[in-house]
Amino acid sequence: MLGDISDVYRCEGAAEIVGFGVAFSGPFVMRRHLESLSFYLSATECLVEGEGSGVVLASSTPLSLWGGVDPDRGEIIDRHHPLCGEGIAGRALVIPHGRGSCTGSVVLLEAIHAGQAPAVIVLNRVDDIIALGAIVAEEVLSLAVPIVVLDDARFAMAQAAHLITLHRGRRLVLSGPRLAGLASVTAGGELGHEPAPAIAANDGFPLSPADRRCLDGENGPTAQAAMRIVLRMARLQGALGLLDVTRVHVDGCIYTGPAGLAFAERLAAWGGRVRVPTTLNAISVDRRRWQADGVPDALGVPASRLADAYVALGAQPTYTCAPYLLDGPPQLDEPIAWAESNAVVYANSVLGARTNKTPDLLDICIALTGRAPSSGYYLETNRWARLRVDLPPLPAADESLYPLLGYVIGAYAGDRVPVICGLDISSGEAPSALKAFGAAFATTASAGLFHVAGVTPEAVDSQTALGGVPPEASWAPTMADLRRGWLELNGERGERVDLIALGNPHFSLDEFATLASLCRGRRKHDDVELIVTTSRHVAGQARRAGHLATLEAFGSRIMTDTCWCMLQAPIVAPSARTILTNSAKYAHYAPGLVGRQVRFAGLSTCVTAAVDGRLAAAMPAWLGE
């Protein structure tokens, strides 16, 4: 309990707390023995209004809610995260920001709907994905989970607190004995006695006449609701206004629970239609064959209904996590709005199109309005690199090099756009290499863009990528860093292999050609299953090229519409104890998603393991020891 107001002292102006050496630059409220601190938040610091109180669950490591949190149990499941196994329900979750998947917004929505969400979320910077989940819950379910953003000093206080309480008037109270042990704290920002006024729904934000008509309901209730959500996100991001986009890729079609389904079906029932060409991400089942695959109705039926709802809204049933492989990909500088983290990174970095890391649910709202917040990677200066990465001389390596590099560099980069120097990629291998690099980078980074000097379109050289200014930081990874990354991705060092998972992201035609050449004239081991996921579009291309016939003769299985990050039993058989994959993304997420041991290797090594039924536990020779 915090006690009553008689236990607090109010001090005005700058003050020195004798005995603790703690200086504050503005007004504050202090509890006896510095066990409680209280201050008001400005409107810009409170992303989602509300009140809540909970015992602190804190980490300095960013967290991807999708693949990192089970929304039905309210449990952190990311095996690589320091908080793995902890419950978030009713807690004050204190993390710097999110990372990884755009689907985190839907996961938070589902957790809120299931009563398994945090009581309050405290961040160190604005996070679109986390905020959007709470915004939609408020708009659609009338359920609020407040989210606040604190500067570095106050975030450190929040991490040290035992209990955090947010009052309706935006008064944030931190309490706990560890606050007294802080050596020095400077509380910057607004610390006034009265909270700043909330931002009104149409207060001074630049809207076109068409935007205003949409907001007033002239385009129907679906577009009106979508515009409200787009505008809330635009204000949260500090956007200059709204801009037109040419196309949208929707990731919210992944079934995570009843709340996301209710949201999509409500939009469809209101008669909404997308205003720009819209593609759909891989879904949770093979839409045409899930019953034959033995998928239970409890998943297959709602997953199919969710896909149907988005098709009813006018989206194309492409069902792929690699929309850049479809005909007519985005062009240089084209403003698009894509969700799905690997697709965002590929579009920005490899194609040079412009998109933010669009949270799930915001994606369909942008599609329904044709308008996106003018912020983030749409703006030239935000696309410049802030981190220079100088690679060491790399030995001759197998195909695991690029995903491993992406995984390691993404973890170091965090929210900073990097320019990678010293990575020699031939034009022939560039698409597949950058696809693998980007998917891994998007898993561990929160940034949605990278540059490779001399390779990617906005990095003719490192100076161009940096915008002609020195980098904020430089880093030279070593082979030891790559070895540590490999060990992290290889949670299991035994030789047994039961299932080989390929196609995360969806396989390209080039990857099918390479795999077919490795499998031609061979047959997999009877005790090993090899499954490749891809889109209907690419599967048709591979069939016509003869690649699928070769792979089927090898004993492979090809699945469309869905992808490994959504697959559970029976596709992942209960008897499959160890999964081998060439995807750093899947190697990271799979232990938490399916509860199996996972190994990571290059494509050629995966094929050899499929034939032999085993894989040596040793680290690849090119990495050394």
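The sequence shown runs 178 to 802 under my numbering.
All C-beta atoms, glycine included, are put in the ideal place defined by N, C-alpha and C.
Since we're looking at a predicted model, the values are computed, not measured.
7 Å CB neighbourhood of residue i in its chain, flanking five on each side removed
i	result
S461	I431, Y432, L476, A480, T739 and M743
P398	W447
P506	L528
S278	S241, W243, G244 and S518
G394	Q401
T785	none
Strand pairing of residue i, partner residues [DSSP]
i	result
G231	I341
Y122	Nothing in the structure corresponds to residue 122, since the chain is present only between 178 and 802.
I253	V246
P569	DSSP lists no partner for P569.
E706	L676
Q336	Beta-bridge pairing links Q336 to no other residue.
C598	D567
P512	R531
G275	L240
D421	R548
I298	L270 and I324
Close Cβ partners of residue i (< 6 Å) along its chain, the five nearest in sequence each way excluded
i	result
A610	Y579 and I602
R660	L800
L242	G281, V284 and L285
R347	Y217, L218, C223 and P372
F684	V709 and T711
D704	G790
W467	G477
Residue i to residue j span [Cα, whole Å]
i	j	result
R424	M334	43 Å
S230	G267	8 Å
A730	P383	60 Å
S752	F627	39 Å
R412	D328	19 Å
D247	G680	24 Å
A288	D249	6 Å
M796	A544	46 Å
R450	T456	13 Å
W652	I254	30 Å
P500	W515	9 Å
G599	A524	22 Å
P239	P273	6 Å
R565	C696	39 Å
T620	G353	34 Å
H702	S733	11 Å
T535	I513	10 Å
S552	A520	19 Å
A220	G227	12 Å
A452	A492	As written in the sequence, residue 452 is Arg, which differs from the Ala given in the question. Those two C-alpha atoms are separated by around 10 Å.
Q745	P595	34 Å
P435	E252	18 Å
H426	V585	27 Å
D575	G605	16 Å
Residue of the options minimising C-alpha distance to residue i
i	options	result
A308	V596, L539 and S685	L539
E649	L351, V709, A590 and D789	A590
L392	C542, L224, T532 and A588	C542
G415	P398, G381 and A492	G381
Q293	S385, V322 and G553	V322
G779	D789, S760, L770 and G790	S760
V303	V453, G275 and D470	G275
H257	T655, A794, Y763 and V788	Y763
D645	Y555, G698 and W561	Residue identity check: residue 645 is Gly in the sequence provided, not Asp. It is W561 whose Cα lies nearest to the Cα of G645.
I748	E706, A726, Q718 and V271	E706
A445	G429, V453 and L490	L490
W663	V299, E442, L581 and T782	L581
R443	A693, V313, G605 and T655	V313
L556	N533, S577 and P572	N533
A798	I298, A387 and A573	A573
S526	A716, N559 and D537	N559
Nonlocal neighbours in the same chain, by C-beta distance under 8 Å from residue i, ignoring five residues either side
i	result
R464	S481, A484, P494, Y496 and D738
L356	L211, E212, S213, L214, M334, A337 and A338
T755	E669, G671, R673, V674, D675, L676, R773, Q774, V775 and R776
A722	L686, F689 and A690
R791	E672, R673 and V674
V407	L419, L539, C542, I543, T546, R548, A549 and P550
A793	E672
Beta strand (DSSP E) runs contained entirely in the segment 751 to 775, provided each spans 3 or more residues: 755 to 758
Beta strand (DSSP E) segments (min. 3 residues) lying fully within the segment 531 to 563: As far as the segment 531 to 563 is concerned, its whole beta strand (DSSP E) runs of at least 3 residues are 548 to 550.
Within the segment 713 to 739, ranges of the beta strand (DSSP E) (whole runs, at least 3 residues): 734 to 737
3 or more residues per run - each beta strand (DSSP E) lying fully within the segment 578 to 656: Unbroken beta strand (DSSP E) stretches of 3 residues or longer found wholly inside the segment 578 to 656: 595 to 598 and 650 to 652, given in chain order.
Runs of alpha helix (DSSP H) wholly within the segment 433 to 510 (minimum 4 residues, chain order): 435 to 446 and 474 to 489
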